[in-house]
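Everything on this sheet refers to the single structure shown next.
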Amino acid sequence: MVAPLANWPWQSLGSHKYWVYGLFIAHLPQVWWKGETIINKWCFHILVLCALRCGIHQFFHTYCSMYFLSQKRRINHHGVDFKQIDHEWGWDNFVILQALIGALVCYMFPWWLTKLENVWDTKGLIGAMLIHMSVSEPLYYYIHRLFHRQPNLYNSYHSFHHSSDVLHPFTAGNATFLEHIIMVPIMGIPLLGVALIGHASISLVYVYILVFDFLRCLGHCNVEIISHRLFEVFPLFRYLIYTPTYHSLHHSRKDSNYCLFMPIYDVLGNTLNHKSWKLHKQINSNAGKKGKVAEFVFLAHIVDTASSMHTPWLFRAFASKPYSFRWFLLPWWPYTFFIMFAMWAWAKPFMVTFYYLRGELHHTWIVPRFGFQYFLPFATKGINKQIEHAILKADKMGVKVISLAALNKNEALNGGGTLFVNKHPNLRVRVVHGNTLTAAVILDQIPKDVKEVFLTGATSKLGRAIALYLCRKQVRVLMLTLSKERFQKIQEEAPVNFRRYLVQVTKYHVAKNCKTWIVGKWITLREQSWAPAGTHFHQFVVPPILQFRRDCSYGDLAAMKLPHDALGLGSCEYAMERGVVHACHAGGVVHLLEGWTHHEVGAIDVDRIDIVWNAALKHAC
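Okay, so the sequence shown: first residue is 4 according to our numbering, each after it adds one.
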């Protein structure tokens, strides 16, 4: 049974809880209609404060999630996984609660608003700080320690906050309804006290609340931002302001460091963890040293402007689900489009996500190029230069395997990675296009009793491998290509006894009776219309074809699920489900786990398709 006041009143509403803000927004047109100044109304300031508070949490989230910026100062090096993201889904409930309480106070006690007529009052700011230090801090310390030392309170309420394995700015607000009700007077006492002595101001409300949130996020951000040298120069400061390291010890060793922001109260209460500043100095000192090197790197690319916002450092909840276009992305689209051109001009590949598998670190780097740029002839040189830079950087770091995503290994671009291997014959890092496993996944999806398939993109790397593999299984392959020379070249690679199963076709209507289509080249509605009802479209084309036909079925891009012991996964790879990655990504992982020392570039070795597939099954990919 759930303890009283543990759940939030709007917990069952999901995202509909944000309609609460509609109460404040609806009041603004009424004020405007009356000819009153909106900026002087409490509903306006509540909305602005809510936006700024969420903005502070988002700012800290963005910085902490940019692993390429924060990796050397991280306290806990594991990532925030899907379980924690779901656990902290309602982290912003406290903002809604305090907005409603603020509105209630303004409505029931209108005299409070007259106290806020001043824009700025220095005495008020100083008074609020003193009241906070002398009243709010010890009050929080006592209540917080009580929640820890009373088993019923901890198990029923406070354990919810401590259930997050990795501290994150959103963890700061993730607590039960009762705990945030208690937090309201702790935050309100300084504001009320200053109002009673006649020194309140509107700036005081903004400054106090935003600084309060800033310090809460600071303590939960899992990145040590404050230099230990500050405490060496000013020793007293270590008792006046906590650090992310200091607060992290409270979550790892729950019987110490109970303070809100000021460690002096842990000193007075004899609950100070004496490792706090030693660990703080150690983390700062290690920031300049070489960290753990990733065993594996997946080199991805951006598909389009909208999907570029599907990154973990922007909207965490959005990135934790398979990509699909959402309405809230529209306001960000012009800004992202501008950033696209900036990245086009000078950006280099950078790290976006990471996870641990078999105890080893795996990175995803991204080439800051959008899908359409790969098809611009004049952009080829620049793209290859960025891919080459990533490969050489990985080689210098000591990475064992780097796997290339779909367009980064385009045959017309760099020959499936052959360009880099030939140019740098002494590479220690193994370059892998992962297409062998991609072909294996597609072939595994084709029913065993199929006698005929229609194949577009037939002379591509994947098309060639699929055709040669199927003809050996005595499956008739209708290969759509206008180039007789390229078709004959592939046909000559097939064993003599099976060459008759490869048939060149040049028109889509030839496949009007074939219900198994393997699509490796983008096809339009008109071209899909030639497929008979009941056709299943297997595909390896990026981006995927549009699902025009309701009387047909469409397969997803080749993908595999990572093993269950993959830790720290907190974002979905493009439109894939949680924990699922593109087959070329999984192919690189298998290459690493098997310890293979060859490069997998250029044409697919058809004889290795079954070998790679069995290896993937062995590792439970």
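Beta carbons: idealized from backbone N, C-alpha and C, even for Gly.
Touching by the beta-carbon criterion (3+ pairs, under 8 angstroms), the region 422-441 and the region 580-598: Yes, since at least three Cβ pairs between the region 422-441 and the region 580-598 fall closer than 8 angstroms, the two stretches touch.
Residue environment, Q507, which counts as buried when at least 16 other CB atoms sit within 10 Å: buried
Status (buried if at least 16 other CB within 10 Å, exposed otherwise) for Q531: buried
Neighbourhood of H366 by C-beta distance below 6 angstroms, restricted to the same chain and skipping five residues each side: Around H366: A297, V300, M354, F357.
H283 (DSSP reduced to helix, strand or coil): helix
Reduced DSSP category for Y511 - H, G, I as helix; E, B as strand; rest coil: helix
Simplified DSSP assignment, three categories, for S73: helix
CB contact flag (F540, V513, <8 angstroms): No, the pair does not count as a contact, with Cβ atoms beyond the cut-off.
K388 - containing alpha helix (DSSP H), residue span: If you look at K388, you'll find it in the alpha helix (DSSP H) that goes 383-400.
As assigned by DSSP and simplified to three states, the class of K564: strand
Where the alpha helix (DSSP H) through L302 begins and ends: Segment 299-304 is the beta strand (DSSP E) holding L302; no alpha helix (DSSP H) there.
6 angstroms CB neighbourhood of C46 in its chain, flanking five on each side removed: F27, H30
At least three beta-carbon pairs within less than 8 angstroms, the region 443-458 to the region 474-488: yes
Closest Cα partner of D84 within the set K20, H171, W94: H171
Residue nearest to D307 in terms of C-alpha spacing, selected from D568, I205, S327: S327
As assigned by DSSP and simplified to three states, the class of E39: coil
Rounded C-alpha distance that separates K351 from N617: 36 angstroms
T509, buried or exposed, once every other Cβ within 10 Å from all chains shown has been counted against 16: exposed
Backbone secondary structure at R529 - three-state DSSP: helix
Endpoints, beta strand (DSSP E) assigned at Y358: 353-360
With 16 other Cβ atoms within 10 Å as the buried cut-off, status of A623: A residue is called buried when at least 16 other Cβ atoms come within 10 angstroms of its Cβ; A623 does not meet this threshold and is exposed.
Contact between the region 18-27 and the region 184-197 (3+ Cβ pairs under 8 angstroms): no
Segments assigned beta strand (DSSP E), at least 3 residues, entirely inside the region 572-623: 583-585
Nonlocal neighbours in the same chain, by C-beta distance under 7 angstroms from S206, ignoring five residues either side: V122, W123
Reference I212, options F237, N225, M186, closest by Cα: M186
Cβ pair S574, A397 closer than 8 angstroms: no
Local Cβ density within 10 Å of N56, reported as buried at 16 or more and exposed below that: According to the sequence shown, residue 56 is Arg rather than Asn. When all chains shown are included, R56 counts as buried.
Nearest-angstrom Cβ-Cβ length linking T421 and V604, presumed shorter than 8 angstroms: 5 angstroms
Inter-stretch contact (C-beta, 8 angstroms, three-pair minimum) for the region 145-156 and the region 59-67: no
Exposure of P154, with buried meaning 16 or more beta-carbon neighbours within 10 Å: exposed
The region 418-434 touching the region 310-322, judged by at least three CB pairs closer than 8 angstroms: Output reads no: the region 310-322 does not touch the region 418-434.
Meets three-Cβ-pair contact criterion under 8 angstroms: the region 163-180 and the region 78-92: Verdict: yes, contact present.
Same chain only: Cβ atoms within 7 angstroms of M346, ignoring 5 sequence neighbours per side: P371
The alpha helix (DSSP H) enclosing F173, as first and last residue numbers: In this chain, F173 is not harboured by any alpha helix (DSSP H), its DSSP state being neither H nor E.
Residue(s) in a DSSP beta bridge with M482: L458, Q507
Bridge partner(s) assigned by DSSP for Y557: F540
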